[in-house]
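K.L.:
Numbering (the working numbering), first residue to last: 56 to 183. The C-beta atom is built at its ideal place from N, Cα and C for all residues, glycine as well.
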């Protein structure tokens with residue numbers, strides 16, 4: 056494989072306003088609305104993208120609200136952080152739950168696992 060294996064991620068939600076507020080509070084950044092293709096297959100789909108840059112490392116992604124797609128799935132996405140303890144605490148304050156406190160993963164840094172307001176589990180990773 057010549058590139059990073061993750062090229063995009065989607066986190067499915069039931070209540071977009073609540074989920075958007077949660078992620079904006081935890082990561083202290085604004086999500087931007089994505090326009091949906093004007094097709095019958097995409098009617099009623101709402102998407103909000105996380106900040107991204109084509110010049111930076113990492114995969115872009117979005118929150119997605121789509122009829123028939125349940126939230127609380129089994130996909131686990133890890134977000135890079137300066138200190139995953141900080142974002143885990145913000146998650147708890149913003150209506151989520153800490154599932155696994157900041158934990159060392161040896162030479163690879165630290166992780167924490169939190170649940171968002173929609174029941175999705177997300178990972179937080181930091182080097183310190």
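Residue 159 to residue 63, Cα distance in whole Å?
P.N.:
As a working note, residue 159 is residue 104 in the chain shown. As a working note, residue 63 is residue 8 in the chain shown. Straight-line Cα distance between these residues: approximately 27 Å.
K.L.:
What are the boundary residues of the beta strand (DSSP E) that includes residue 135?
P.N.:
As a position in the chain shown, residue 135 is number 80, starting the count at 1. Here the beta strand (DSSP E) through residue 135 covers 133-135.
K.L.:
Can you tell me the Cα-Cα spacing of residue 23 and residue 117, whole angstroms?
P.N.:
Outside the displayed span of the chain (56 to 183) sits residue 23, for which this structure offers no information.
K.L.:
Relative to the alpha-carbon of residue 130, which residue among 183, 80 and 171 has its alpha-carbon at the smallest distance?
P.N.:
Residue 130 sits at position 75 when you count from the first residue of the chain shown. Selected option, being the one with the closest Cα: 171.
K.L.:
Is it buried or exposed for residue 78, if we count other Cβ within 10 angstroms and need 16 for buried?
P.N.:
On the chain shown, residue 78 is found 23 positions in, with the first residue counted as 1. Residue 78 comes out buried.
K.L.:
Straight-line CA distance for residue 152 to residue 176?
P.N.:
Sequence index remark: in the chain shown, residue 152 carries index 97 (1-based). Sequence index remark: in the chain shown, residue 176 carries index 121 (1-based). Computed Cα separation, rounded: 9 Å.
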